[in-house]
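Student: Counting from 37, one number per residue, gives the positions in the sequence shown under the numbering used here.
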Amino acid sequence: MIKYKLQCKKCSKTFDSWFSSSKEFERIKKLKLLNCNYCKSKNIDKTLMAPNLKSTNRNELSINENNIKELKKQIRVYQNFIKKNFKFVGDSFAYEARSIHYSNKKGGKGIFGRAKIEDIRELKEEGINTQVLPWFEDKEN
Ligand SMILES: [Zn+2]
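#1: Since residue 122 and residue 104 should fall inside the 8 Å C-beta cutoff, what is the C-beta to C-beta distance between them, to a whole number of angstroms?
#2: Looking only at C-alpha atoms, which of 40, 74, 39, 169 sits nearest to residue 152?
#3: Does the beta-carbon of residue 82, which I'm using as the reference point, lie nearer than 7 Å to any heavy atom of ligand 1?
#4: Using only alpha-carbon positions, find the residue among 59, 129, 73, 110 that is nearest to residue 25.
#5: State buried or exposed for residue 42, treating a residue as buried only when at least 16 other CB atoms are found within 10 Å of its CB.
#6: Would you kindly check if the distance between the Cβ of residue 162 and the Cβ of residue 149 is under 8 Å?
#7: Which of helix, strand or coil does DSSP assign to residue 56?
#8: How far does the alpha helix (DSSP H) with residue 43 in it extend, from its first residue to its last?
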């Protein structure tokens, strides 16, 4: 995961946001899925990262095997949480999200599943908010 300090070009306010990678940031930005937290403008860009003054060891800055293991561990923790508390709908995520949204069901179980980035954009345009999470299939089981 990468934390970027983003700046709104309209109101000049800055805020932090997490992305799975710099590529992911570029992709989301291109699709205009970024909004200013304050004025909702889509004119957002990342600011230059401030150098981390506390870190003198350059190696700390690169992702090594241990970081990936640690990251996978954290992802597994919330995958388990999601699996326990949300209903898995597989590839019909966009369909299920719409049916919950339009039938105005309340208090039901949340859902999770797979969706294409185009589906997520369409859902957003319809006012259905989704959360995109990094996901990996557990091959150890
Ligand atoms: Zn703004």
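In this text, a Cβ means the ideal position worked out from N, Cα and C, and glycines have one as well.
Tutor: According to the data block:
#1: Walking along the sequence shown from the start, residue 122 turns up at place 86. Walking along the sequence shown from the start, residue 104 turns up at place 68. Separation of the CB atoms of residue 122 and residue 104 is rounded to 25 Å, and the pair is thereby denied contact status at 8 Å.
#2: Along the sequence shown, read from residue 1 onward, the residue named residue 152 stands at position 116. Nearest C-alpha to residue 152: 169.
#3: Translated into positions along the sequence shown, residue 82 becomes position 46. Not under cutoff, so the answer is no.
#4: Coverage of the chain is limited to positions 37 through 177, which leaves residue 25 absent and any answer about it impossible.
#5: For the purposes of this step, residue 42 is taken as residue 6 along the sequence shown, with counting starting at 1. Buried.
#6: Here the question's residue 149 lines up with position 113 in the sequence shown. Here the question's residue 162 lines up with position 126 in the sequence shown. At the C-beta level, residue 149 and residue 162 stay beyond 8 Å of one another.
#7: Locating residue 56 in the sequence shown gives position 20, counting from the first residue. In the structure shown, residue 56 adopts coil according to DSSP, grouped into three states.
#8: If you number the sequence shown from 1, residue 43 lands on position 7. Where residue 43 is concerned, there is no enclosing alpha helix (DSSP H), although the beta strand (DSSP E) it sits in stretches over 38-44.
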